[in-house]
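Top to bottom, those sequences are chains A, B and C.
According to this note's numbering, the residues represented by the first sequence are 80 to 369, in order.
According to this note's numbering, the residues represented by the second sequence are 111 to 156, in order.
According to this note's numbering, the residues represented by the third sequence are 17 to 203, in order.
Please read the structure below before turning to the comments.
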Amino acid sequence: MKFTRNVRRKIIQVAAFGFTNSHLGNFAAGSIYKGSWKNFCSPGLNCYSCPAAGFACPIGAMQAVGGSPKFGISFYAVGFVLALGVIFGRAVCGYLCPFGLIQELLHKVPSPKKRIPKPLTYIKYVLLAGLVLMFPVFVADSFGYGSPAFCEYICPAGTLEGGIPLLLTHPELRMQLGGLFILKAAILVLTIVGCIVICRFFCKVMCPLGAIYGLLNKVSFYRMHVAETGCVSCGKCRDACPMDINPVARPDSAECIRCGKCAAACPEHILSVGFVNNQSKLISHGTDNS
Amino acid sequence: MGRRTFKGIALLAVAAGLITAGVMRGELIVVLFRAVHVCLECIGLG
Amino acid sequence: MKKLLMATVIAAMCFAFAACADSDSGGIEEDGYHYDIEDIETGTDIGTFESTDLDGNAVTDAIFADKDITVLNVWATYCGPCKEEMPELGEWAAELPDNVQIIGVLTDVPEGDAGMIKTAKKICEKTGVTYTNIVCSDTVDKMLADVEAVPTTFFLDSEGKTVCAPMLGADVEGYKKAVSDYLEQLK
Numbered sequence: 080m081k082f083t084r085n086v087r088r089k090i091i092q093v094a095a096f097g098f099t100n101s102h103l104g105n106f107a108a109g110s111i112y113k114g115s116w117k118n119f120c121s122p123g124l125n126c127y128s129c130p131a132a133g134f135a136c137p138i139g140a141m142q143a144v145g146g147s148p149k150f151g152i153s154f155y156a157v158g159f160v161l162a163l164g165v166i167f168g169r170a171v172c173g174y175l176c177p178f179g180l181i182q183e184l185l186h187k188v189p190s191p192k193k194r195i196p197k198p199l200t201y202i203k204y205v206l207l208a209g210l211v212l213m214f215p216v217f218v219a220d221s222f223g224y225g226s227p228a229f230c231e232y233i234c235p236a237g238t239l240e241g242g243i244p245l246l247l248t249h250p251e252l253r254m255q256l257g258g259l260f261i262l263k264a265a266i267l268v269l270t271i272v273g274c275i276v277i278c279r280f281f282c283k284v285m286c287p288l289g290a291i292y293g294l295l296n297k298v299s300f301y302r303m304h305v306a307e308t309g310c311v312s313c314g315k316c317r318d319a320c321p322m323d324i325n326p327v328a329r330p331d332s333a334e335c336i337r338c339g340k341c342a343a344a345c346p347e348h349i350l351s352v353g354f355v356n357n358q359s360k361l362i363s364h365g366t367d368n369s
Numbered sequence: 111m112g113r114r115t116f117k118g119i120a121l122l123a124v125a126a127g128l129i130t131a132g133v134m135r136g137e138l139i140v141v142l143f144r145a146v147h148v149c150l151e152c153i154g155l156g
Numbered sequence: 017m018k019k020l021l022m023a024t025v026i027a028a029m030c031f032a033f034a035a036c037a038d039s040d041s042g043g044i045e046e047d048g049y050h051y052d053i054e055d056i057e058t059g060t061d062i063g064t065f066e067s068t069d070l071d072g073n074a075v076t077d078a079i080f081a082d083k084d085i086t087v088l089n090v091w092a093t094y095c096g097p098c099k100e101e102m103p104e105l106g107e108w109a110a111e112l113p114d115n116v117q118i119i120g121v122l123t124d125v126p127e128g129d130a131g132m133i134k135t136a137k138k139i140c141e142k143t144g145v146t147y148t149n150i151v152c153s154d155t156v157d158k159m160l161a162d163v164e165a166v167p168t169t170f171f172l173d174s175e176g177k178t179v180c181a182p183m184l185g186a187d188v189e190g191y192k193k194a195v196s197d198y199l200e201q202l203k
């Protein structure tokens, strides 16, 4: 079996999932890791209320600090996400995010597969600006504390990884459930169905973290490389792309998760993914058409 | 290519500054406290 | 098919490795005080602690000794439901008989943090809470090692042992019932 890029990527995804959620023993009792590693954020979206989680969620951290009367915005969480985004761009989504792996596994469930209209991808920027950044600051209680609106009202990763395990292990919690949980459960079901039918539905439409990393695709060190000549406009890269991009036209698209499926599909070998452009290596292995 | 790298390095420097500023003004403990004792309403469990 | 099999094997190995590598839940295990909230049955000792209240007075687990039952309400300044139940708790505290007390424990106010103490005091003033509230110290953190979420409320007898399962989530009616059930039992 060949260690293609996609196989290597899956291995990295699984390892990242395990690294981010290493405290598997906690699921039995529904207890949460309380050690000092939770000072630090994980690169991808992973709820800190997940029993196995060993780190804090960067989006959760942004809202927690932003909603605190002392602060207003989290320099730490923003700086962390900015640094990772400059280095990796949305490759974090493609290789390191646990919820990204969950979505890809969901997409393998047999069903009709569809693509989504591009305008829907702008919803995640609204969620980022509105619920993650502004709501905790401007909608506060009488003591100055704002709610983490994205975590509280939307995030399906939190419902799946944290809410459900806690409810399964703490029967006394079930009596506390109300309309809020019904809303979140509905959003989770919608997300799961969405991910089965549409590849990475949550990433495309809802993820505020992906929104930030995507914006940094234009400057990221880990990136797409496109040869200046050689494209025969066959469209195979666009057909292979799970994120509905035309890689040759828009290699720095904010939707690109650097999975490399386009590069593997290109018959002329003019695309590559990485820190360094290794097209020359590809061409020397393929037929030289020049 | 050079311009892109330059922009990236400049942003990395900004990021490093932001992280330092955040740590110095005590943001880490806020993150830690939230992450180890979960506010039930904040994760949608009323 | 082979790819899927290989991926599953690798996934299983990663999980197995991670599970073996981590043998603790990050809770604190010392002197046998590590317990899971599910295992808390009647009679579990909540442990000893030393700390201060919001006014700087020293508080230890001796505070449980003079009352038949103590309602230990664990809360945090960032927790909405905790703050919402406090006016009701404050009112209830005023009507309590002499053998019952309510004590609050804050999970996000470290001893000596003047800023956070001020915030906590402001919250107590605004919600009409006058009962003792204890801040975090190392021993208090140990006592709270298995509190996963806030608000969590313990019901302790005069020896600091639980008289029933702790309650997760804000439910003052539920606390009142737990207290009156226990007092009935005592008669």
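Note that beta-carbon positions come from the ideal geometry of N, C-alpha and C, so glycine has one too.
Bear in mind that the values here come from a model prediction, so they are computed numbers and not experimental data.
Are Leu-88/C and Ile-133/C close, meaning C-beta to C-beta below 8 Å? No, they are not a contact pair.
I'd like the span of the alpha helix (DSSP H) that includes Cys-274/A, first residue to last. 258-276 is the span of the alpha helix (DSSP H), which, as asked, contains Cys-274/A.
Suppose you measure from the CA of Lys-117/B to the CA of Val-298/A; what does that come to, to the nearest Å? C-alpha separation (whole angstroms): 7 Å.
Chain A contact for Gly-112/B (CB, 8 Å cutoff): It does not: the Cβ of Gly-112/B has no partner Cβ on chain A nearer than 8 Å.
Taking the straight line between their C-alpha atoms, what separation do you get for Tyr-51/C and Gly-164/A? Interpretation of Tyr-51/C is limited by its pLDDT of 40, a score under 50 that renders its predicted location unreliable; no figure is taken from the coordinates.
Is the segment 165-185 of chain A touching the segment 251-264 of chain A, taking contact as three or more C-beta pairs under 8 Å? Output reads no: the segment 251-264 of chain A does not touch the segment 165-185 of chain A.
I'd like to know whether the C-beta of Pro-97/C is nearer than 8 Å to at least one C-beta of chain B. Yes - at least one Cβ of chain B is within 8 Å of the one on Pro-97/C.
With DSSP as the reference, label Pro-177/A as helix, strand or coil. Correct three-state label for Pro-177/A: helix.
Can you give the Cα-Cα distance for Ile-153/B and Gly-242/A, rounded to whole angstroms? Looking at the backbone, the Cα of Ile-153/B and that of Gly-242/A are separated by about 7 Å.
Should Arg-113/B be labelled buried (16 or more other beta-carbon atoms within 10 Å of its own) or exposed? Using a 10 angstroms sphere on the CB of Arg-113/B, the tally of other CB atoms stays under 16, which defines it as exposed.
Interface residues of chain B around Thr-123/C at Cβ under 7 Å? Result: Phe-143, His-147.
Can you look up Val-141/B in the DSSP assignment and give me helix, strand or coil? Annotated three-state conformation of Val-141/B is helix, per DSSP.
Compile a chain-ordered list of the residues in the segment 200-233 of chain A whose CB is closer than 8 Å to at least one CB of chain B. Listed by position along the chain: Ser-226, Pro-227, Cys-230, Glu-231, Tyr-232.
Ends of the beta strand (DSSP E) at Cys-152/C? 149-152 is the span of the beta strand (DSSP E), which, as asked, contains Cys-152/C.
Closer than 8 Å between beta carbons: that is the criterion. Which residues of the segment 93-110 of chain A meet it against chain B? If the cut-off is 8 Å between Cβ atoms, the segment 93-110 of chain A has nothing near chain B.
Just to confirm, are Ala-125/B and Gly-158/A a CB contact at a threshold of 8 Å? Contact: yes.
8 Å Cβ cutoff, Lys-340/A in contact with chain C: False, the Cβ-Cβ gap to chain C never drops below 8 Å.
Gly-69/A to Cys-129/A, Cα distance in whole Å? With chain A represented from 80 up to 369, any question about residue 69/A goes unanswered, as that position is not in the structure.
Local conformation of Ser-190/A per DSSP, three classes: Of the three classes helix, strand and coil, the one that applies to Ser-190/A here is coil, per DSSP.
Less than 8 Å separating the beta-carbons of Asp-82/C and Thr-64/C? No, they are not a contact pair.
Is Val-211/A near Ile-138/A, with beta carbons less than 8 Å apart? Note that the C-beta distance between Val-211/A and Ile-138/A is below 8 Å.
Counting pairs of Cβ atoms below 8 Å between the segment 261-277 of chain A and the segment 234-241 of chain A, do you hit three or more? Result yes; three or more Cβ-Cβ pairs closer than 8 Å.
So what's Cys-149/B in DSSP terms, helix, strand or just coil? Under the three-state reduction of DSSP output, Cys-149/B falls in the strand class.
Whole-angstrom Cβ separation of Asn-356/A and Leu-142/B, contact assumed at under 8 Å? With a Cβ gap of about 41 Å, Asn-356/A and Leu-142/B do not count as contacting.
What is the DSSP secondary structure of Cys-98/C, reduced to helix, strand or coil? Annotated three-state conformation of Cys-98/C is helix, per DSSP.
Label Gly-258/A either buried or exposed according to how many other C-beta atoms from any shown protein chain fall within 10 Å of its C-beta, with 16 as the threshold for buried. Exposed is the call here.
Are Leu-185/A and Ile-111/A closer than 8 Å when you measure CB to CB? Note that the C-beta distance between Leu-185/A and Ile-111/A is not below 8 Å.
Is the segment 141-149 of chain C touching the segment 91-103 of chain C, taking contact as three or more C-beta pairs under 8 Å? Three or more pairs of CB atoms, one per stretch, sit closer than 8 Å, so the segment 141-149 of chain C contacts the segment 91-103 of chain C.
Are the C-beta atoms of Leu-138/B and some chain C residue less than 8 Å apart? No, Leu-138/B lies away from the interface with chain C (no Cβ there is under 8 Å from its Cβ).
Where Ile-91/A falls: helix, strand or coil (DSSP): Helix.
Ignore the nearest five residues each way along the sequence and tell me which others in Val-305/A's own chain have a CB closer than 7 Å to its CB. Within the same chain, Val-305/A has close Cβ partners Val-327, Pro-330, Ile-349, Leu-350.
Among Asp-220/A, Cys-310/A, Ile-291/A, which one has its Cα closest to the Cα of Ala-208/A? Nearest of Asp-220/A, Cys-310/A, Ile-291/A to Ala-208/A, Cα basis: Ile-291/A.
If contacts are defined as beta-carbon pairs under 8 Å, then Cys-180/C and Thr-58/C qualify, I think. What distance do you get, rounded to the angstrom? Confirmed, Cβ separation roughly 6 Å.
How long is the line joining the alpha carbons of Cys-136/A and Asp-61/C, rounded to whole angstroms? Using only the alpha carbons, I get a separation of about 34 Å.
Spatial distance of Lys-193/C from Gly-120/C (CA atoms): Answer to the nearest angstrom: the Cα atoms are 19 Å apart.
Bounding residues of the alpha helix (DSSP H) (the contiguous stretch that carries Ala-342/A): Element bounds for Ala-342/A: 340-344.
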